[in-house]
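S.K.: Under numbering that gives the first Met the number 0, the residue at position 24 of the sequence shown is numbered 23, and the numbers go up by one with no gaps.
Glycine included, each C-beta is placed from N, C-alpha and C at the ideal position.
First the structure, then my questions, so here it is.
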Amino acid sequence: MKNVTKIAKKSAGLSQKCSICPLMQRCTLEIHRACFDSFVEGFKKGAKAAEKEINKKFKTEQNESNNYKKAVGELNIK
């Protein structure tokens, strides 16, 4: 999860949500900054959730692999 903030800030500039904003692109600097910061925070939360999901799947696969190895090892011992 390196440089997530940097990637989020770059992606915020590519967002097209201003086209559907109820203010119709007539926002003040403060409102623009709030939208930008909100996007960055949401992006970071999404990246963190995705990382957790990937780690969860990896751990599950690793545990299944270890359980299989243990079962095969027990069969070979007997």
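How would you label F57, buried or exposed, when you count the other beta carbons within 10 angstroms and need 16 or more for buried?
M.R.: Position 58 of the sequence shown, counted from the first residue, corresponds to residue 57. It is exposed - the Cβ of F57 has fewer than 16 other Cβ atoms within 10 Å.
S.K.: Answer yes if the segment 41 to 60 comes into contact with the segment 19 to 31, meaning at least three C-beta pairs across the two stretches below 8 Å, and no otherwise.
M.R.: Contact between the segment 19 to 31 and the segment 41 to 60 is absent, because fewer than three Cβ pairs lie under 8 Å.
S.K.: Within 10 angstroms of its Cβ, does A33 collect 16 or more other Cβ (buried), or is it exposed?
M.R.: For this step, residue 33 is matched to residue 34 along the sequence shown. That one is exposed.
S.K.: For I6, report the span of its alpha helix (DSSP H) as first-last.
M.R.: Counted from its first residue, the sequence shown places residue 6 at position 7. Unbroken alpha helix (DSSP H) run through I6: 3 to 11.
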